[in-house]
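Working notes, structure below.
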Amino acid sequence: MKRYPRDVLLALKWGEDQGIEDVSIAFVSRGSSGGISRIPGHRIEHIGKSFMELKDGTFIPFHRIILIEDHDGVLWERGRP
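Here it is as structure tokens:
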């Protein structure tokens, strides 16, 4: 079964093993130097159907997410089975 960034984030938010606060999310950002930005999971306010909303009101579409990781390593990476 193919996993998507939304599935991983929802499992972290509602699961009992680990909280979403403990992850780092890398995404394509047109406004940043280098084109990649990172945010900590504790900045996520809402997980929608096709985007996540940050506490500052920023919307990040899931198709821009390239990596979700925690202190143990990669939880999800674009192009990785």
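Using this note's numbering, the first residue of the sequence shown is number 345, and each one after it goes up by one. We treat Cβ as the ideally placed atom computed from N, Cα and C, and that holds for glycine.
Can you tell me whether residue i is buried or exposed, with buried defined as 16 or more other CB within 10 angstroms of its CB?
{"i": "P384", "result": "exposed"}
{"i": "I380", "result": "exposed"}
From residue i to residue j, what distance separates their C-alpha atoms?
{"i": "V367", "j": "G375", "result": "22 Å"}
{"i": "V418", "j": "V352", "result": "11 Å"}
{"i": "I388", "j": "W358", "result": "13 Å"}
{"i": "K393", "j": "L356", "result": "16 Å"}
Using a Cβ-Cβ cut-off of 8 Å (strictly less than) and excluding sequence neighbours within five positions of residue i, which residues of its own chain qualify?
{"i": "I410", "result": "A370, F371, V372, I380, E421 and R422"}
{"i": "L354", "result": "I391"}
For the candidate residues the options, whose alpha-carbon lies nearest to that of residue i?
{"i": "H386", "options": "R350, G378, K399 and R347", "result": "K399"}
{"i": "R382", "options": "G392, I412 and L356", "result": "I412"}
{"i": "Y348", "options": "S377, H407 and G378", "result": "H407"}
**Q.** Inter-stretch contact (C-beta, 8 Å, three-pair minimum) for the stretch 347 to 362 and the stretch 398 to 405
**A.** no
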